[in-house]
Each structure stands twice: as structure tokens, then as C-alpha cells.
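One structure is given here, and the rest of the page talks about it.
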Amino acid sequence: MKVSALFANVITALSVPLIAVLALIYFNEKMRGVKVISMILAIWGFLCFLKFIYFSS
20 MKVSALFANV ITALSVPLIA VLALIYFNEK MRGVKVISMI LAIWGFLCFL
70 KFIYFSS
């Protein structure tokens with residue numbers, strides 16, 4: 020089975036905010052300032068990636 024580089028990049032970019040949310044749930048931690056900022060930046064980066072892919076097609 021061949022996997023394209025684009026698919027691999029999408030999965031990697033999607034997993035960054037998802038892993039952070041799952042870690043918060045699993046380890047039962049509180050959302051503090053640094054975590055909120057990092058989550059916002061991770062989601063923003065993912066959305067920018069999707070926008071780049073959409074407009075470059």
C-alpha cells in the first residue's frame with residue numbers, strides 16, 4: 020500500500036491538537052494559560068495548512 024506524502028502530512032498536522040486534547044482528558048489535567056496558547060497555535064497551524072492545501076490545488 021502506497022501512502023502519499025500529502026496524506027502523511029495531513030495526519031501528522033491533525034494529530035498535534037488531537038493528542039493534546041486526549042492527554043488533557045487522560046491525565047486529568049487543568050487547562051492553564053500555556054496549554055491554551057499552545058492549543059490555539061496548534062489548531063491555527065492546522066487550519067493554515069488546510070488553507071494552503073485548498074488554495075494550492
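If you number the sequence shown the way the numbering used here does, the last residue is 76 and the count never jumps. For each residue, glycine too, the CB sits at the ideal point set by N, CA and C.
Per-residue DSSP class, three states only, for M58:
Working through the sequence shown from its first residue, we reach residue 58 at position 39. If DSSP states are grouped into helix, strand and coil, M58 belongs with the helices.
Cβ-Cβ distance between M58 and P36 below 8 Å:
What you label residue 58 is simply residue 39 of the sequence shown in a count that begins at 1. What you label residue 36 is simply residue 17 of the sequence shown in a count that begins at 1. Contact: yes.
With H, G and I counted as helix, E and B as strand and the rest as coil, what does DSSP make of S75?
Position 56 of the sequence shown, counting from 1, holds the residue named residue 75. Helix, per DSSP.
Chain-order list of residues whose beta-carbon lies under 8 Å from that of E48 (same chain, five-residue window excluded)
Taking the first residue of the sequence shown as 1, we reach residue 48 at position 29. Cβ neighbours of E48 beyond the five flanking positions: A42, K54.
Alpha helix (DSSP H) containing S34: first to last residue?
Position 15 of the sequence shown, counted from the first residue, corresponds to residue 34. Unbroken alpha helix (DSSP H) run through S34: 24-46.
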